[in-house]
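Below is one structure, written out as structure tokens; comments come after it.
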DNA sequence: CTGAAAGCGCTAACAG
DNA sequence: CTGTTAGCGCTTTCAG
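Residue numbers (this note's numbering), protein chains in the order written: chain A, 63 to 394; chain B, 63 to 394.
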């Protein structure tokens, strides 16, 4: 590897001068600048990022903490994050946590050792200690898609209460009264918020909530399938379900279909996210569309702002979800 | 940030000793080791990775070059890669190239500046120069899912010729003779190989190949949709199509359905990959399943082996795809 | 405008 | 067993 010394020698200048032209520093005679740049080109030289990082304390590397990159929702989110980060000249290290606090903590420690410049955090369960430590550890953090209680951090979110409200209302407007909620653990903020929106509609409509209609800790297609089984073997089964996300919704539909129920005639199902998958299911899924890619992009805009020192107080960007009606919901 | 000097001072030893206990080096009295470790714990100290990297030349960071993390296939691949990398103590920087050579080159330069320890490369078009430069640049490379011509590199692949052969044969066995191929650019090795397998069956079966039945440069759902339109407006349309991947297959199905054709009665469609999406489409997709997650995992096994100096000559791991019959294919 | 020199935080000989 | 010291490749004063 050629170093700054090699360039300096060949250009008959000191390494300080090379460093100056490298960083477009002022105070270099145009002629000298030219000469140095030629040598740089000739040797196809580029500075060792480790050394730069060691002195300048900037790594141009960001961390992205998410539950699972194989999940289409987070895949698209990650794409938005990476594209925008790349635009600003940053790389992103990806970390899959499966929502496991110990995994989060491990990654957090690792990332802080690597001196990342900032972190996008989309993986938290409420009350995780790990992140609290990190916020003291030096680098800025932007929360993405999931909030953390009691932590006043910058965030890019979707109005989950509102979205769940719209989703549930859609079902009510269709004439449904027996509406189930199949969602994630209530430890997850977005899950709690969606429950809130769901309950709000029921309450407004004077619909009595039935405990058996709320199923928790459902985060995958398989779990959605099982939830459908539970729901449909009830003596008084629901006629519609609000699912935590598209995958869960698909699981619910699959489960119902396997039991011989028809979607949407026997059971209306509404999902969340509008991932790529939602439009091609059988039947196509009605869902609350989130601006997934943009959320990732915005999170980086804010994070890079923080890194550059544009504080301006904690900012929270809350986007609205949009109801996309397809064919998995129908009048009761 | 506390440094090795702080620890040394507090433990009344030299930084060399601290370094030794940090790296489990030999030749440290047990008692001293204990004391140092206590101080380390007390200060919650962990070494600055930049500094370590600068001296030891190891960053414990890998690069992953893929077309698009939002594509479920690459999402799952990436998950396999990241999980296994994490297991070995490495982080992975993700790079989305969209199959654009200039993006690949940019990332490659960046990654090499960052002194990554190794690279998993799943993004190449044939004949890209960028990667050729990189292989000289110092770090080991493992090709994943896509091969590069004229470059004798370690690789983890699927037998695409064989897989396409099985897929096409499945259609022939079902009685189809008018079989179309909707695939990616022939610049992509996997696309070429699949064409090869496809043509082999036709040739063996004495089926005359019709140029209009082969559509190229199709890599997305949208493009698949357009391909279906082209195919089905032919005066003599095919009764079956082999698609490049699940997304393309879904696009073909969507396109056909929009034109009023029934799947599979009017058109049998077979995909590739068996991504999570394949089982939930309308109808569920017959596809050639690839061991996606494992491929990513194996690639890291090999890459870490290379990093640790276990050369042993170039190794190529070729896995077999498996036919998964669902409901998008039916007898002619 | 340019160069010398002091670190950044750590590893790895080399002495003791 | 432990400490001293010379770098790793670069940025950044401070002189000139």
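In this text, a Cβ means the ideal position worked out from N, Cα and C, and glycines have one as well.
With DSSP as the reference, label residue 207 (chain A) as helix, strand or coil.
-> coil
Any idea what DSSP makes of residue 369 (chain A), helix, strand or coil?
-> helix
Quick one: using the 10 Å Cβ neighbour count with 16 as the cut-off for buried, is residue 78 (chain A) buried or exposed?
-> exposed
With a cut-off of 8 angstroms on the beta carbons, I'd call residue 315 (chain B) and residue 331 (chain B) a contact; round off their distance for me.
-> 5 angstroms
For a contact meaning CB atoms closer than 9 angstroms, what does residue 345 (chain B) contact in chain A?
-> 344
How would you label residue 96 (chain A), buried or exposed, when you count the other beta carbons within 10 angstroms and need 16 or more for buried?
-> exposed
Against chain A: residues of the stretch 77-99 of chain B by CB proximity under 9 angstroms | none
Can you tell which of B:355, B:329, B:354, B:335 has the C-alpha that lies nearest to the C-alpha of residue 345 (chain B)?
-> B:329
Along chain B, which residues have their Cβ under 9 angstroms away from the Cβ of residue 145 (chain A)?
-> 158
Please state if the CB of residue 333 (chain A) and the CB of residue 311 (chain A) are separated by a distance shorter than 9 angstroms.
-> yes
Reducing DSSP to helix, strand and coil, say where residue 378 (chain A) ends up.
-> strand
When the distance is taken between beta carbons, is residue 251 (chain B) closer than 9 angstroms to residue 208 (chain B)?
-> yes
Closest by CA to residue 265 (chain B), which one among B:240, B:68, B:120?
-> B:240
Sufficient close CB pairs (3 or more, under 8 angstroms) joining the stretch 150-168 of chain B to the stretch 121-133 of chain B | yes
CA-to-CA distance, residue 383 (chain A) to residue 351 (chain A), given in whole angstroms | 5 angstroms
Take the Cβ of residue 270 (chain B) as the centre, count every other Cβ of all protein chains shown within 10 Å, and call the residue buried at 16 or more, exposed below.
-> exposed
Range covered by the beta strand (DSSP E) that runs through residue 177 (chain A) = Neither: residue 177 (chain A) is in no beta strand (DSSP E) and is coded neither H nor E.
Length of the line joining the Cα atoms of residue 302 (chain B) and residue 233 (chain B) = 7 angstroms
Curious, which full-length alpha helix (DSSP H) runs of at least 4 residues does the stretch 276-339 of chain A contain?
-> 283-294, 308-320
Skipping 5 residues on each side, what residues in its chain have a beta carbon closer than 8 angstroms to that of residue 151 (chain B)?
-> 122
Exposed unless 16 or more other CB atoms sit within 10 angstroms - verdict on residue 134 (chain A) = buried
Give the DSSP-derived three-state secondary structure of residue 183 (chain A) in the structure shown.
-> strand
Excluding the five sequence neighbours on either side, which residues of its own chain have a C-beta within less than 6 angstroms of the C-beta of residue 242 (chain B), listed in chain order?
-> 275, 293, 300, 303
Ordered along the chain, which non-local residues of its own chain (more than five positions away) have a Cβ less than 7 angstroms from that of residue 261 (chain A)?
-> 271
How would you write the range of the beta strand (DSSP E) that residue 216 (chain A) sits in, first residue to last?
-> 216-220
Can you tell me whether DSSP reads residue 398 (chain A) as helix, strand or coil?
-> Only positions 63 to 394 of chain A appear in the structure, and residue 398 (chain A) is not among them; the question remains open.
Quick one: which chain B residues come within Cβ less than 8 angstroms of residue 320 (chain A)?
-> What residue 320 (chain A) touches in chain B: nothing, since even the nearest Cβ is about 12 angstroms away.
Are residue 84 (chain B) and residue 221 (chain B) touching if we call contact CB-CB under 9 angstroms?
-> no
Under three-state DSSP, which class holds residue 213 (chain B)?
-> coil
For residue 242 (chain A), which beta-bridge partners are listed by DSSP?
-> A:303
What's the gap between the Cα of residue 139 (chain A) and the Cα of residue 355 (chain A)?
-> 5 angstroms
Other residues of its chain near residue 259 (chain A): CB distance less than 6 angstroms, five sequence neighbours each side excluded | 223, 226, 227
Return the bridge partner residues of residue 158 (chain B) from the DSSP annotation.
-> B:128
Within-9 angstroms CB hit, residue 121 (chain B) to chain A = yes
Where does residue 9 (chain B) land, buried or exposed, given buried means 16+ other C-beta within 10 angstroms?
-> Given that chain B is displayed from residue 63 to residue 394, the structure contains no residue 9 (chain B) and the question cannot be resolved.
Using a Cβ cut-off of 9 angstroms, which residues of the stretch 163-184 of chain B contact any Cβ in chain A, in chain order?
-> 165, 168, 169, 171, 172, 173, 174, 175, 176, 177
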